[in-house]
DNA sequence: TTGTCTATTGACCAATTGTTCAATGTATGT
DNA sequence: ACATACATTGAACAATTGGTCAATAGACAA
């Protein structure tokens, strides 16, 4: 007995959110049409009515994952930091904290990343998402290099942005697999040390604002 | 008609190598008992005779993957570098090159990493492998901090080692998904710039040996 | 030879999967 | 009221999966 109808886009959204929860909990392997349908309290036939192939559902979910994973939103307090290096480091720390607190999303991303080696569509999407994420950090990196060219020789803005991404994702990778043994705070401090603080002249102001902007 | 026998350990090895090739090509999803058996030219029943459960096969393969992925072997030329920072950077560059040239193994590792969030046995193995890999870099990191404490304030050996791991794996992650768009050489140069070269005093000797040790 | 042990095979099973489709309900227009 | 369009359901199907098991072939000892 077919149930009630629902507006077009609502159903797709409903199915996608169900797919997101399922994939978050059981991985892409566990993302079956029936599991999604059950989660959304729909028949599995209906899921395949709105997404003609399972592949389409998987790809649509990828879009959603990438949108929420690679959205770099820096708080105003960070942007107001006077020193370019402080801004750069603060943005990195903020992202490290954010992603470390969303392990499921992180895991899902890496599953898609691995999938990308066999599915060209997935690869393209992940690739461009990583590129734009890097681009977001390049703005900060350019400021750093402009005001601090002496310390970083041979460092390009694009390269420095890529390093920022590595530091963030490397932190998540190591922290998630071993939450007890991996010392996140030591990692953050070391990352900051390697990239360099704002120096002695801003010691009194910078770090304090930083601590307020990034709750531990 | 049952075929010929084979020495005990030979069969397990044979099956494991077959499993490795299958998983390398088609991922852990594609690692089916029948696919492995077919690859090893055996019956699928025999695979389950030597590995009572599929889980056991997957875990045994993980050991093999971790052994070959996280084995840090630094060339003698790197160890002979006079400057601690040069050794550190050279070891990192060497690993970046090595792992970037083995994308399949890299992908397989991340699949296991993601699997670790649901399988505690896998998680434990991956976790300890990452720990020992970090420990290998900590030796270099300690030397760096001992000779260069001024530049790296608040940086701990463990933290610096973790950053090395992040730089290496971050490079592989970004380079593999977008081989064309990601500038590896710029990344390497930037990483070296951030960590700092040996400075002006060793410019004549260090870098040249480095270039010889790490073929581009 | 005879017998025992075990490696090996392939048939078989139950469960799960993606996908199709006829049937049926709901909404909307005329 | 009637018809048309379409969202929705669940049965059904073929393919694939991990796993079991009886039958059998090889190796080796007595």
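Chains as they are written, first to last, in our numbering: chain A, 1 to 216; chain B, 1001 to 1216.
Here a beta-carbon is modelled for each residue, glycine too, at the ideal position from N, C-alpha and C.
### Query
What is the DSSP secondary structure of residue 1082 of chain B, reduced to helix, strand or coil?
By one-based count along the second chain, residue 1082 of chain B stands at place 82. Coil.
### Query
Within the chosen definition, does the stretch 1061-1074 of chain B reach the stretch 1178-1185 of chain B through at least 3 CB pairs nearer than 8 Å?
no
#### Entry: Top-ranked residue by Cα proximity to residue 1031 of chain B, from B:1057, B:1114, B:1145, B:1172
Taking the first residue of the second chain as 1, we reach residue 1031 of chain B at position 31. With respect to the C-alpha of residue 1031 of chain B, the residue from B:1057, B:1114, B:1145, B:1172 having the closest C-alpha is B:1057.
### Query
Relative to chain A, which residues along the stretch 1090-1102 of chain B have a C-beta separation below 7 Å, given in chain order?
none
### Task
Please check if any C-beta of chain A sits within less than 9 Å of the C-beta of residue 1023 of chain B.
As a first step, residue 1023 of chain B is located in the second chain; it is residue number 23 there, counting from the start. Chain A, which has no Cβ nearer than 9 Å to the Cβ of residue 1023 of chain B, makes this no.
### Query
Could you check where the alpha helix (DSSP H) with residue 144 of chain A kicks off and where it finishes?
Position 144 of the first chain, counting from 1, holds the residue named residue 144 of chain A. First-last of the alpha helix (DSSP H) with residue 144 of chain A: 120-147.
### Task
Show which residues of chain B have a CB atom less than 7 Å away from the CB atom of residue 156 of chain A.
Position 156 of the first chain, counted from the start, is the residue given in the question as residue 156 of chain A. Neighbours of residue 156 of chain A on chain B, chain order: 1186, 1190.
### Message
I need the DSSP call for residue 55 of chain A, collapsed to helix, strand or coil.
### Response
By 1-based counting over the first chain, the position of residue 55 of chain A is 55. Residue state, collapsed to three classes: helix.
### Task
Helix, strand or coil for residue 1069 of chain B, going by three-state DSSP, please let me know.
The count along the second chain starts at 1 and reaches residue 1069 of chain B at position 69. Looking at residue 1069 of chain B - three-state DSSP - the assignment turns out to be helix.
### Message
Comparing C-alpha positions only, which one of A:49, A:14, A:29, A:62 sits nearest to residue 40 of chain A?
### Response
Here residue 40 of chain A is taken as the residue at index 40 of the first chain, counted from 1. The candidate whose alpha carbon is nearest that of residue 40 of chain A is A:14.
#### Entry: Where the alpha helix (DSSP H) through residue 1192 of chain B begins and ends
Numbered from 1 along the second chain, position 192 holds the residue referred to as residue 1192 of chain B. Residues 1184-1195.
### Query
Which chain B residues are close to residue 153 of chain A, counting only those with a beta carbon under 8 Å from its beta carbon?
The count along the first chain starts at 1 and reaches residue 153 of chain A at position 153. What residue 153 of chain A touches in chain B: 1193, 1197.
### Query
How about residue 1134 of chain B and residue 174 of chain A: are their beta carbons less than 9 Å apart?
Position 134 of the second chain, counting from 1, holds the residue named residue 1134 of chain B. Position 174 of the first chain, counting from 1, holds the residue named residue 174 of chain A. Yes, they are a contact pair.
### Query
So, using beta-carbon positions, are residue 1108 of chain B and residue 1065 of chain B closer together than 9 Å?
Numbered from its first residue, the second chain carries residue 1108 of chain B at position 108. Numbered from its first residue, the second chain carries residue 1065 of chain B at position 65. In this structure, residue 1065 of chain B lies closer than 9 Å to residue 1108 of chain B by Cβ.
### Query
Relative to the alpha-carbon of residue 112 of chain A, which residue among A:142, A:126, A:45 has its alpha-carbon at the smallest distance?
Walking along the first chain from the start, residue 112 of chain A turns up at place 112. The shortest Cα separation from residue 112 of chain A among A:142, A:126, A:45 belongs to A:126.
### Task
Ignore the nearest five residues each way along the sequence and tell me which others in residue 1163 of chain B's own chain have a CB closer than 6 Å to its CB.
Here residue 1163 of chain B refers to the residue found at position 163 when the second chain is read from its first residue. Setting aside the 5 residues that flank it on each side, residue 1163 of chain B has no residue in the same chain whose C-beta is closer than 6 Å to its C-beta.
### Task
Specify, as a first and last residue, the run of the alpha helix (DSSP H) that residue 1111 of chain B falls within.
As a first step, residue 1111 of chain B must be located in the second chain, where it is residue number 111. Taken as a continuous stretch (DSSP letters only), the alpha helix (DSSP H) holding residue 1111 of chain B covers 1103-1115.
### Message
Distance cutoff 9 Å, beta carbons only. Does residue 1182 of chain B sit that close to anything in chain A?
### Response
Residue numbering aside, residue 1182 of chain B sits at position 182 when the second chain is read from its first letter. Taking Cβ atoms only, chain A reaches closer than 9 Å to residue 1182 of chain B, which makes this a yes.
### Message
Whole angstroms are fine: how far does the CA of residue 195 of chain A sit from the CA of residue 89 of chain A?
### Response
Position 89 of the first chain, counting from 1, holds the residue named residue 89 of chain A. Position 195 of the first chain, counting from 1, holds the residue named residue 195 of chain A. CA-to-CA, the gap between residue 89 of chain A and residue 195 of chain A works out to about 7 Å.
#### Entry: residue 1155 of chain B, DSSP secondary structure in three states
Your numbering for residue 1155 of chain B matches position 155 in the second chain. Annotated three-state conformation of residue 1155 of chain B is coil, per DSSP.
### Query
Under the three-state reduction of DSSP, which class applies to residue 1162 of chain B: helix, strand or coil?
The count along the second chain starts at 1 and reaches residue 1162 of chain B at position 162. Three-state DSSP puts residue 1162 of chain B in a helix.
### Query
Does the stretch 1046-1053 of chain B come close enough to the stretch 1010-1025 of chain B that 3 or more CB-CB pairs lie under 8 Å?
yes
### Message
Using CA atoms only, rank isn't needed, just tell me which of A:16, A:121, A:158, A:96 is closest to residue 1177 of chain B.
### Response
What you label residue 1177 of chain B is simply residue 177 of the second chain in a count that begins at 1. Among A:16, A:121, A:158, A:96, the Cα nearest to that of residue 1177 of chain B is on A:121.
### Query
Which of the residues in the stretch 110-126 of chain A, read from start to end, lie with their CB under 8 Å from any CB of chain B?
110, 111, 113, 114, 115, 116, 117, 118, 123, 126
### Task
List the residues of chain B whose Cβ lies closer than 9 Å to the Cβ of residue 167 of chain A, in chain order.
Working through the first chain from its first residue, we reach residue 167 of chain A at position 167. Here the neighbours are 1163, 1166, 1167, 1170.
### Proximal chain B residues relative to residue 107 of chain A, where beta-carbon distance stays under 7 Å
Reading the first chain from its first residue, position 107 is the one you call residue 107 of chain A. Residues of chain B passing the Cβ test: 1114, 1117.
### Task
For residue 28 of chain A, name the three-state secondary structure that DSSP assigns.
As a first step, residue 28 of chain A must be located in the first chain, where it is residue number 28. Coil, per DSSP.
### Message
Could you tell me the alpha carbon to alpha carbon distance between residue 980 of chain B and residue 146 of chain A, rounded to whole angstroms?
### Response
This structure does not reach residue 980 of chain B, given that chain B is present from 1001 up to 1216, and the question cannot be answered.
### Task
Kindly indicate if chain A contains any beta-carbon less than 9 Å away from that of residue 1029 of chain B.
Indexing the second chain from 1 puts residue 1029 of chain B at position 29. For residue 1029 of chain B, the answer is yes, since a Cβ of chain A falls inside 9 Å of its Cβ.
### Query
What do you reckon, are the CB atoms on residue 1024 of chain B and residue 103 of chain A nearer than 9 Å?
Within the second chain, the letter at position 24 stands for residue 1024 of chain B. Within the first chain, the letter at position 103 stands for residue 103 of chain A. Not closer than 9 Å, so no.
### 9 Å Cβ cutoff, residue 132 of chain A in contact with chain B
Locating residue 132 of chain A in the first chain gives position 132, where the first residue counts as 1. No, residue 132 of chain A does not count as interfacial toward chain B.
### Message
Determine whether the beta carbon atoms of residue 144 of chain A and residue 85 of chain A lie at a separation below 9 Å.
### Response
In the first chain, the residue the question calls residue 144 of chain A occupies position 144. In the first chain, the residue the question calls residue 85 of chain A occupies position 85. Taking 9 Å as the Cβ cut-off, residue 144 of chain A and residue 85 of chain A qualify as a contacting pair.
#### Entry: CB of residue 1061 of chain B within 9 Å of CB of residue 1091 of chain B, strictly
Numbered from 1 along the second chain, position 61 holds the residue referred to as residue 1061 of chain B. Numbered from 1 along the second chain, position 91 holds the residue referred to as residue 1091 of chain B. For residue 1061 of chain B and residue 1091 of chain B, no; Cβs fall outside 9 Å.
### Message
Buried or exposed, going by whether 16 or more other CB atoms sit within 10 Å of the CB of residue 1093 of chain B?
### Response
To locate residue 1093 of chain B, count along the second chain from 1; it is residue 93. Under this definition residue 1093 of chain B is a buried residue.
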